[in-house]
Amino acid sequence: MLSALQRRLLQCLPGGGRLSFAALTCRIEQQFLEFIFAQLSLNTAHLRATSLNPGMNCRRLDPLMHIFGPILSAIRDMPLASTKGKARKRHTVLSGARPAQCPDRPRPWKSSDAAAAARDFFAKPRRMAICELVRELCSDDPFDHRCAAEVARLVSQRKPGVLAPYANLLADVAVTFPMEEWQARGYVLVAAAHNSMTHAQRQRLLPLVRARLAEDRIAVRAMALEAFALLAAHEPDLRDEAMEMLESARHDAAPALRCKAKLMLPVVLK
């Protein structure tokens, strides 16, 4: 049984003494006693000097341990406060939030974030906004260039040709992204199609678009179909082929392809 003084000292601990005993195992003689002495407004400097001295007179601490010994035993017998859940909450990465090599990423990138970033792009001075976007697009961080690719697609859809000076760069970036970064590859491909202003640029992009149309992933094919329709809208030689693709996609089993075909049909028919 604890005495009244021992119970009072125990209540001075964080959480009323319900902290994990494991938290006190690191240099327990120094840290725990320093905390108690701080609570009692005693001289902690003297305690530190004596507790760190290998030749200290242990009899000085005998009266203290007569009081604190039962407190330590009581802490040992208490249910350990579980901090596992809290630690997991701090370090858990939500699905799609970021690559594993970037643990400081706070939360996932959502469609609303991309829309807000696109609005910020047009709110900034144009030259500065384009430079920032291109710099992020060429970043080595997969999270950064994936987000930049989506913003590039959105701003290009809103104002085609806004990134026209970097149309060739967009095509090059679309080629260099690895296969597993399929979202970034698709977004940049659509952005490049929106910003290809010359016949040479569109012809340069065409083989890459055809390659994406042959992939198995439906989302990639849907974005490639959009890019092909954008190119065909300015290239009469591609218009018949684009109409056949769109008509076939309208009857495809994949809803994403049917939706994309319905969306891009008026673009080709202009």
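Residues in the sequence shown are numbered consecutively from 59, following the working numbering.
Ideal Cβ placement from N, Cα and C applies to all residues, glycine included.
Counting only residues of its own chain and dropping the five nearest sequence neighbours on each side, D202 has a CB closer than 8 Å to the CB of E194.
Nearest C-alpha to A249 among M186, M301, R211, A319: R211. Exclusion of the five residues before and after R308 leaves R316, A319, K320 as the residues of its chain whose Cβ lies within less than 7 Å of its Cβ. Judged by their CB atoms, A229 and Q259 are nearer to each other than the 9 Å cut-off. With respect to the C-alpha of W167, the residue from R204, F179, R184, A300 having the closest C-alpha is R204. DSSP places S169 in the uninterrupted alpha helix (DSSP H) bounded by 169-181. In this chain, R275 is not harboured by any alpha helix (DSSP H), its DSSP state being neither H nor E. When DSSP states are grouped into helix, strand and coil, H309 belongs to the coil group.
A straight line joining the alpha-carbon of A312 with that of P183 spans about 41 Å. Boundaries of the alpha helix (DSSP H) around P200: 200-216. M186 sits in a helix when the DSSP states are folded into three classes.
In the DSSP assignment, Y245 falls within the alpha helix (DSSP H) that extends over 240-253.
If you ignore the 5 residues before and after A291, its C-beta comes within less than 7 Å of the C-beta of V325, V326, K328, all in its own chain and listed in chain order.
For T234, the enclosing alpha helix (DSSP H) starts and ends at 225-234. V278 and A272 have their alpha carbons spaced roughly 9 Å apart. If you draw a 10 Å sphere on the C-beta of S169, you find fewer than 16 other C-beta atoms in it, and that means exposed.
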